[in-house]
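Report on one structure; see the data block that follows.
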Amino acid sequence: MELYYQDEWVTIYHGDCREILPELPKVDLVLTDPPFENYSPDWVTEYATLLPEHEHHIVFSKFPYTGIIQTHFNKFPLVTEYIWYYTDTCAFRSKYMPLLHHETISVFSKNTKSIDMERIREPTRRPGVKPHYKTNKTRGHTGNKKYWGNNPGGSCRSSVIPVQRTMRGSLLKVQTPIGVKPVELFDSIIPAYGSGLILDPFLGSGTTAYCAKKLNRKCIGIEIDEKYCEIAANRCRQSVMTLNI
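Residue numbers (the numbering used here): 246 to 490.
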């Protein structure tokens, strides 16, 4: 396998993930957006078999591929799913189906105890109303009221995450695929799933690696197209450490 880029936090390999995956160490989280055209039952089964040992697997998909992923990725149980919602879309296949304004984010896990949703709370959705949470303090009340108090962390994370897509050419002033995932989306999910090594077998333009480094988590990325290896490496070189956890 060809080592394309490496720093303290990120390692990027240039090559076919099918050849590289069996050589990798155990990871906490696999987070990836595979090429949709390869979604088939046989491909999903092969992909799951090649993955190194890991705790959680998060995969992006669109209709009609979501059903294939959720049915045939049987390495771990499907524990939840998020819906990434965006307003901008195109009229592809609009003659026989509605416009797609979302992607599905499927979460598979063998260890739900290591999932910490407290890390990805979001600002309260009702301005002027403080979010609440259960406490052990009585505060002089009786009944159920004694268990509730203000939660400074915000509201529980919704399964629907509204984040606009990153448009073509807007990333580092280079041509990038219109499907590149926005940083805000990954920041809304990653912290809840482990605290160790992250793997993206289809790295693309490097959003997974960029966000992992920003969150002080190590990441291994694999990309078969050298053009996108370069984009991802440049993003990681320019990233700034902003969060300590």
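Quick reminder that beta carbons are idealized off the backbone N, C-alpha and C, glycines included.
CB-CB under 8 angstroms to residue i, same chain, minus the five flanking residues each way: which ones, in chain order?
i	result
L416	In this predicted model, L416 has a pLDDT of only 49, less than 50, meaning its place in the structure is not dependable enough to derive any value.
S404	T325, E326, Y327 and I328
L269	P297, L444 and I465
N356	E300 and H301
Could you pull the start and end residues of the beta strand (DSSP E) that residue i belongs to?
i	result
V408	First-last for V408: undefined, no H or E at that position.
I303	H299 to S306
C401	Run containing C401: none; DSSP gives neither H nor E here.
D445	I443 to D445
Y327	L323 to Y330
V352	H347 to S354
E468	C464 to E468
Since residue i contacts residue j with CB under 8 angstroms, what's their CB separation in whole angstroms?
i	j	result
L323	S351	6 angstroms
S440	I406	In fact, because the Cβ distance is near 21 angstroms, the residues do not count as touching under 8 angstroms.
L442	D273	5 angstroms
L288	K463	Looking at the sequence provided, one finds Trp at residue 288 rather than Leu. Rounded, the Cβ-Cβ distance is 28 angstroms, inconsistent with contact.
K320	F281	The pair is not a contact, with the Cβ atoms about 20 angstroms apart (cut-off 8 angstroms).
H346	T369	At roughly 24 angstroms, the Cβ-Cβ gap does not stay under 8 angstroms, so H346 and T369 are not in contact.
What residue does the alpha helix (DSSP H) around residue i start on, and which one ends it?
i	result
I317	Residue identity check: residue 317 is His in the sequence provided, not Ile. Per DSSP, H317 belongs to the alpha helix (DSSP H) from Y310 to H317.
I476	E471 to Q483
D333	Segment: none, D333 is in no alpha helix (DSSP H) and carries neither H nor E.
Can you list, in chain order, the residues of its chain with a C-beta nearer than 7 angstroms to that of residue i? Leave out the 5 residues immediately preceding and following it.
i	result
R366	G398, G399, S400, C401 and R402
Who are the Cβ neighbours of residue i in its own chain at under 6 angstroms, not counting the five residues just before and after it?
i	result
V408	P427, E429 and L430
If you check the beta carbons only, do residue i and residue j fall under 8 angstroms apart?
i	j	result
C474	H317	no
A457	I257	no
Taking 7 angstroms as the cut-off, is the C-beta of residue i nearer than that to any heavy atom in the ligand PLP?
i	result
C481	As presented, the structure is devoid of all ligands, the ligand PLP included, so that no description of it is given.
At what residue ranges does the segment 246-296 contain a whole run of the alpha helix (DSSP H), taking only runs of 4 or more? 262-265 and 286-295, all fully within the segment 246-296.
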